[in-house]
Amino acid sequence: ATPTALLVGTGRGAQLGVLIRGPEVLERTRRVDTVVLDKTGTLTTGRMALRGTVALADLPEAEVRRLAAAAEVDSEHPVARALAGGPRIAEDFTAVAGGGVRARVDGAQVLVGRSGWLASEGVDTAPAATAVRAAEEDGATAVVVARDGVAVGVLAVGDAPRAGAAEAVARLRTLGLDPVLLTGDAEGPAAAVAAATGIGTVFAGESPAGKLARIRALQESGRVVAMVGDGVNDAAALAAADLGIAMGGGTDAAGAAADLVLVRDDPTLVATAVRLSRATLSIIR
Ligand code: ADP
Ligand code: MG
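Spelled out as structure tokens, the structure:
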């Protein structure tokens, strides 16, 4: 590999919207056979909107939304985009990656997040189960709201696949690469995005550590793995993958952990990067 050819490839990448962090990255890109894609913010827009509210425990729906909005006000998670707002009345805010948020609102302890996380925090989530299932079968992300340890409501939120998502997956297949969906979200919303984009292999409900373990397991089975993600929750998986690819509009943590950055947030650029690496390196050889 002549340094000049690699530099030309790197420069061509920049023109196409793919920032390549060092010439050796092109060689690794060429060897990839499996492309693992995060869901929210990578295959989808990450611009989540509220789709519905179910109130439990005789609380008005508006009060469920008010509690969630107050608790999520300092969260950077895409789910919070659909919920946060209103006056800043929350105190003692903490975010739990892959789980949700905890805050004190009007003197009450409020938890907002994934049903399984609330259950692990001692909340009885049985009263929320029917609404959670209905939202997830609909392809939405179900967010449970608890006040002082009692489930008081379920909010359904969702975003849409990016315009280029299905084409991005089709192009990967054309290049002989195997696409895999990997998400912290539940099986229902994961299956909806997999169907919309044409992905057959889905790993859902994975914590950040679980995402990392999935990458390692694929590597141990002999795969050369690229991981595409945007979130803090993807950073460990991006670093462990043979090739880490970050969406340009993603978090700083994802960008720092990646070998390639897609400047336009366009998932079809993943295939563009692979084609560029093949072209550059076949000229060199
Ligand atoms: P993803 O892989 O889809 O980006 P994460 O690992 O960030 O998902 O989170 C997994 C799940 O945890 C989310 O789908 C959501 O249900 C829940 N969750 C995480 N953060 C929040 C939050 N701030 N508010 C509500 N729910 C959250
Ligand atoms: Mg994401």
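With UniProt numbering applied, the sequence shown corresponds to residues 368 to 652, in that order.
Glycine included, C-beta positions come from ideal geometry on N, C-alpha and C.
Considering Cα atoms alone, identify which of the options is closest to residue i.
i: residue 577; options: 601, 435 and 491; result: 601
i: residue 626; options: 634, 391 and 505; result: 391
i: residue 463; options: 583, 488, 449 and 646; result: 488
i: residue 497; options: 423, 540, 635 and 649; result: 423
i: residue 477; options: 468, 441 and 484; result: 468
i: residue 585; options: 545, 620, 597 and 562; result: 545
i: residue 474; options: 437, 500, 443 and 491; result: 437
i: residue 644; options: 605, 621 and 396; result: 396
i: residue 383; options: 637, 649 and 648; result: 637
i: residue 407; options: 542, 604 and 550; result: 550
i: residue 534; options: 376, 562, 394 and 514; result: 562
i: residue 615; options: 605, 603, 628 and 623; result: 628
Quick test of your reading: residue i and residue j, contact by CB under 8 Å. State the CB separation rounded to the nearest angstrom.
i: residue 509; j: residue 523; result: 6 Å
i: residue 512; j: residue 472; result: Rounded, the Cβ-Cβ distance is 10 Å, inconsistent with contact.
i: residue 565; j: residue 593; result: That pair is no contact at about 18 Å.
i: residue 552; j: residue 580; result: Residue 552 to residue 580, Cβ: 17 Å. No contact.
i: residue 656; j: residue 417; result: What the structure shows of the chain is the stretch from 368 to 652, and residue 656 is not part of that stretch, so it cannot be assessed.
i: residue 521; j: residue 486; result: That belief does not hold up - the Cβ atoms of residue 521 and residue 486 are roughly 14 Å apart, past 8 Å.
Assign residue i to buried or exposed, taking buried as 16 or more other Cβ atoms, counted over all protein chains shown, within 10 Å of its Cβ.
i: residue 445; result: buried
i: residue 532; result: buried
i: residue 518; result: buried
i: residue 528; result: buried
i: residue 414; result: exposed
i: residue 461; result: exposed
i: residue 492; result: buried
i: residue 634; result: buried
i: residue 381; result: exposed
i: residue 429; result: exposed
Within the same chain, show all residues whose beta-carbon is closer than 6 Å to that of residue i, passing over the 5 residues directly before and after it, in chain order.
i: residue 447; result: 439
i: residue 591; result: 398, 399, 400 and 609
Closer than 7 Å by C-beta to residue i: which residues in its own chain qualify, once you throw out the five before and the five after it? Chain order, please.
i: residue 506; result: 525, 555, 556 and 559
i: residue 583; result: 607
i: residue 378; result: none
Within the same chain, show all residues whose beta-carbon is closer than 8 Å to that of residue i, passing over the 5 residues directly before and after it, in chain order.
i: residue 411; result: 526, 527, 528, 529, 532 and 560
Inset, instruction - Please specify which runs of the beta strand (DSSP E), each continuous and at least 3 residues long, are wholly inside the stretch 432–496, giving them in chain order. - result: Complete beta strand (DSSP E) runs here, min 3: 458–463, 467–472 and 475–480.
Inset, instruction - Could I get the ranges of all uninterrupted beta strand (DSSP E) runs contained in the stretch 576–647, with 3 residues as the minimum, in chain order? - result: Correct list: 592–596, 610–614 and 627–629.
Inset, instruction - Please go through the stretch 368–397 and give each complete alpha helix (DSSP H) segment of 4 or more residues, from N-terminal end onward. - result: Within the stretch 368–397, the complete alpha helix (DSSP H) runs of at least 4 residues are 370–383.
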